[in-house]
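Asks: Following this message is one structure expressed as structure tokens.
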Amino acid sequence: MRIFRKTNEFDKLSRCYACIKCGTWVSIKAQNCMQCQHSFTNNDKSSMQTLYNQNKEQNWQHAILPIIFVILVIALLFI
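Using our numbering, the letters of the sequence shown map in sequence onto residues 1351 to 1429.
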């Protein structure tokens, strides 16, 4: 059993992973992929989490896109 630290490993953004079949971002709680309809087993979820953690530096878009969206919405409110 892996114990998560309270830092970056267990934040909301790290709960989304790429589908092992098509690569679409899905929630770790999802039972199947919305894009390809692949049903996830516990082994699939573990491997998606492992792949995400191994490629964490390359997955920066996953964290930055929601931030950009919020900034744009706030900017539009003040225009």
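All C-beta atoms in this analysis are idealised placements derived from N, C-alpha and C, irrespective of residue type, glycine included. Just so you know, these numbers come straight off a predicted model, no measurement behind them.
Measuring straight from C-alpha to C-alpha, what distance separates ASN1393 and ASN1405?
Replies: One C-alpha to the other measures close to 18 angstroms.
Asks: Using C-beta distances below 8 angstroms, list every residue in its chain close to SER1397, excluding the 5 sequence neighbours before and after it, in chain order.
Replies: Excluding residues within five positions, the ones whose Cβ falls inside 8 angstroms are ILE1370.
Asks: Considering only their Cβ atoms, is the gap separating CYS1372 from HIS1388 smaller than 9 angstroms?
Replies: Their beta carbons are under 9 angstroms apart, which means HIS1388 touches CYS1372 by this criterion.
Asks: Express the C-alpha separation of TRP1375 and PHE1419 in angstroms, rounding to a whole number.
Replies: Distance between the alpha carbons of PHE1419 and TRP1375: 17 angstroms.
Asks: For the beta strand (DSSP E) containing SER1389, name the first residue and the last one.
Replies: Run containing SER1389: none; DSSP gives neither H nor E here.
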